[in-house]
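In the numbering used here, each residue's number is its place in the sequence shown (first place is 1) plus 13.
From the three backbone atoms N, C-alpha and C, an ideal C-beta is built for every residue, glycine too.
Computed from a prediction, not measured in an experiment: that's the story for all the values here.
Okay, structure first, notes after.
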Amino acid sequence: MVQALGVRMSTAKKKTGTKTLKGAKSGHDGRQLFSILEEGGHVAKGKDPKIPKDELIRLYRAMITTRIMEERALNLQRQGRIGFYVPCKGQEASHIGTAYALKDSDWVFPAYRQPGIMILRGAPMQQIVDEWYGNEGDICKGRQMPVHYSFRQIHFVSISSPIGTQMTQAVGAGMAAKYRKEDTVFMTYCGDGGTSENDFHCSLNFGGVYKAPVVFVVENNQWAISTPLETQTASETLASKAEAYGIPGVRVDGNDILAIYQVTKEAVDRARRGGGPTLIETLTYRVGPHSSSDDPSRYRDDAEVQSWMDKDPIERLKAYLKKKRWWSQEMEDEIRETARSEINAAIRNAEEKKPPSISSMFEDVYLEKTTQLVEQEDYLKSFGDNEANQIGEFPL
């Protein structure tokens, strides 16, 4: 479906009618699905956002690298070499496309299904893989759950397991930046299930009232673990929830990276101008399990999954690149081989590293260790190296 760009965004009504977004180039209805890419790589006339060739290939590389990384990680988990993984297969365009609209100086407050943002922003593959193992190279020193990354250097805030907490954090950080008059936008993510959390309401309400420079992205993959969307909400669309908070709501094809970038760029620009938040619903699908602990065959059928695999975001972007004559088999092979080599090298290095030291348990609690912490550390070490090391091991 291709929607005209002249449709007004869905917003709350103070009197009658829909309020106009000042300065917006175009609007999008929160009840209509906005899409640009059609079958065969075609785009509707005049709707191509004209992303430069090098940048499109960069996006394509990030999507493929993310897909290959996840396939490898799930295999490692099944082999008992790492403990847990949360895949995003089928959702690569949704989060990579939205994050691409940001400046490097902008901040991301992710949920746990946006690993492609780290790839796009240049997080070292070795540090990503070290986090899976919780080894001595792990930035979080083995204290976080696997795939709960944290990368200050790329403005990627530590992932939280509790659903929705990142949204209130993003609004708070956004308000701080606004008070400081900083030119910074904050993007935060949740899934369709996250819209049922109190934090979702608080974030949109507070952000809307005080015009926080935040973009809320709801990745509607249609399943909250085993809960389908139709039992999650009675709303016509998730984007339409924005009306109640007086902010624009946009519904976009979550497997169409061109459309995703288009609507997100407008939302980011609006936030940067001081216009406040936008709620973006990306309609996509979680092709794989909720996590490595889930068996989706118990609650959905293969035909449903296959129908969405036919809309694979990577294949859709490839078709567009082919149409532009910007794709070649040599390029494809190079991207995939580079990704595999980098990931495999990182895994080999990670498996050679030791667990975090026992002493690391007592670090980062206070700026300087208190007397009590020093006593506890000395007491633990008094058992001797062998016993202390044994205490520090957590078999999978």
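Please state the DSSP three-state secondary structure of residue 384.
To locate residue 384, count along the sequence shown from 1; it is residue 371. Residue state for residue 384 is assigned as helix, using DSSP reduced to three classes.
By how many angstroms is the C-alpha of residue 357 removed from the C-alpha of residue 393?
In the sequence shown, residue 393 corresponds to position 380, counting from 1. In the sequence shown, residue 357 corresponds to position 344, counting from 1. Distance between the alpha carbons of residue 393 and residue 357: 36 Å.
If residue 177 sits next to residue 221, beta carbons under 8 Å apart, how far is it from one beta carbon to the other, in whole angstroms?
Within the sequence shown, the letter at position 164 stands for residue 177. Within the sequence shown, the letter at position 208 stands for residue 221. Contact doesn't hold; Cβ gap of about 16 Å is too wide.
Do you know offhand how far residue 34's Cα is from residue 88's?
One-based indexing of the sequence shown puts residue 34 at position 21. One-based indexing of the sequence shown puts residue 88 at position 75. Residue confidence for residue 34 is low, a pLDDT of 34 falling below 50, so the modelled location carries little weight; the figure read from the coordinates is stated next. For the pair residue 34 and residue 88, the Cα-to-Cα distance works out to about 47 Å.
Is residue 347 helix, strand or coil by DSSP?
The count along the sequence shown starts at 1 and reaches residue 347 at position 334. In this structure, residue 347 counts as helix in the three-state DSSP scheme.
Out of 337, 74, 281 and 42, point me to the one whose CA is closest to residue 230's CA.
Here residue 230 corresponds to residue number 217 of the sequence shown, with the count starting at 1. Looking at 337, 74, 281 and 42, the one whose alpha-carbon comes closest to that of residue 230 is 281.
Hey, residue 363 and residue 142 are a contact pair by Cβ (cut 8 Å); roughly how many whole angstroms apart?
As a first step, residue 363 is located in the sequence shown; it is residue number 350 there, counting from the start. As a first step, residue 142 is located in the sequence shown; it is residue number 129 there, counting from the start. Residue 363 to residue 142, Cβ: 5 Å. Contact.
Look at the alpha carbon of residue 118 and the alpha carbon of residue 200, and state the distance between them as a whole number of angstroms.
Start at 1 with the first residue of the sequence shown, and residue 118 comes out as number 105. Start at 1 with the first residue of the sequence shown, and residue 200 comes out as number 187. The straight-line gap from Cα to Cα measures roughly 12 Å.
Less than 7 Å between the beta carbons of residue 272 and residue 265, yes or no?
Within the sequence shown, the letter at position 259 stands for residue 272. Within the sequence shown, the letter at position 252 stands for residue 265. Contact flag set, yes.
For a test of the three-state rule: what should DSSP assign to residue 145, helix, strand or coil?
To locate residue 145, count along the sequence shown from 1; it is residue 132. Correct three-state label for residue 145: helix.
Apart from the five residues just before and just after residue 136, which ones in its own chain have a Cβ nearer than 6 Å to its Cβ?
Numbered from its first residue, the sequence shown carries residue 136 at position 123. Closer than 6 Å at Cβ, skipping near neighbours: 164 and 167.
In angstroms, rounded to a whole number, what distance separates the CA positions of residue 104 and residue 234?
Translated into positions along the sequence shown, residue 104 becomes position 91. Translated into positions along the sequence shown, residue 234 becomes position 221. So the alpha carbons of these two residues sit roughly 8 Å apart.
Taking the alpha carbon of residue 277 as the point to measure from, which residue in 304, 215, 108 and 351 has its own alpha carbon closest?
Counted from its first residue, the sequence shown places residue 277 at position 264. Minimum Cα distance to residue 277 is reached at 108.
In angstroms with no decimal places, state the Cα-to-Cα distance between residue 191 and residue 258.
Numbered from its first residue, the sequence shown carries residue 191 at position 178. Numbered from its first residue, the sequence shown carries residue 258 at position 245. The alpha-carbon atoms of residue 191 and residue 258 are separated by roughly 20 Å.
Taking a contact to mean a Cβ-Cβ separation below 7 Å, would you say residue 224 touches residue 289 in this structure?
On the sequence shown, position 211 is the one that residue 224 refers to. On the sequence shown, position 276 is the one that residue 289 refers to. For the 7 Å CB-CB criterion, residue 224 and residue 289 form a contact.
Restricting to Cα atoms, I'd like to know which of 71, 275, 270 and 123 is closest to residue 179.
The residue given as residue 179 occupies position 166 in the sequence shown. Measuring from the Cα of residue 179, the nearest candidate turns out to be 123.
To the nearest angstrom, report how far apart residue 395 and residue 385 are at their CA atoms.
If you number the sequence shown from 1, residue 395 lands on position 382. If you number the sequence shown from 1, residue 385 lands on position 372. If I take the Cα positions, the gap works out to 15 Å.
Run through DSSP, which three-state label would residue 357 get?
The residue labelled residue 357 in the question sits at position 344 within the sequence shown. In this structure, residue 357 counts as helix in the three-state DSSP scheme.
Using only alpha-carbon positions, find the residue among 335, 106 and 44 that is nearest to residue 275.
Position 262 of the sequence shown, counted from the first residue, corresponds to residue 275. Closest by alpha carbon: 106.
Does the distance from the C-beta atom of residue 79 to that of residue 129 stay below 7 Å?
For the purposes of this step, residue 79 is taken as residue 66 along the sequence shown, with counting starting at 1. For the purposes of this step, residue 129 is taken as residue 116 along the sequence shown, with counting starting at 1. Contact flag set, yes.
Excluding the five sequence neighbours on either side, which residues of its own chain have a C-beta within less than 7 Å of the C-beta of residue 74, listed in chain order?
Residue numbering aside, residue 74 sits at position 61 when the sequence shown is read from its first letter. Closer than 7 Å at the Cβ level, and outside the excluded window around residue 74, lie 348.
Out of 96, 291 and 113, which has the shortest C-alpha to C-alpha gap to residue 70?
For this step, residue 70 is matched to residue 57 along the sequence shown. The shortest Cα separation from residue 70 among 96, 291 and 113 belongs to 113.
Does DSSP put residue 313 in a helix, in a strand, or in coil?
Within the sequence shown, residue 313 is the residue found at index 300, counting from 1. DSSP places residue 313 in coil when its eight states are reduced to three.
Mark residue 102 as exposed unless 16 or more other C-beta atoms lie within 10 angstroms of its C-beta, in which case mark it buried.
The residue given as residue 102 occupies position 89 in the sequence shown. Label assigned to residue 102: buried.
Do residue 99 and residue 304 count as a contact pair if the criterion is CB distance below 7 Å?
In the sequence shown, residue 304 corresponds to position 291, counting from 1. In the sequence shown, residue 99 corresponds to position 86, counting from 1. Contact flag set, yes.
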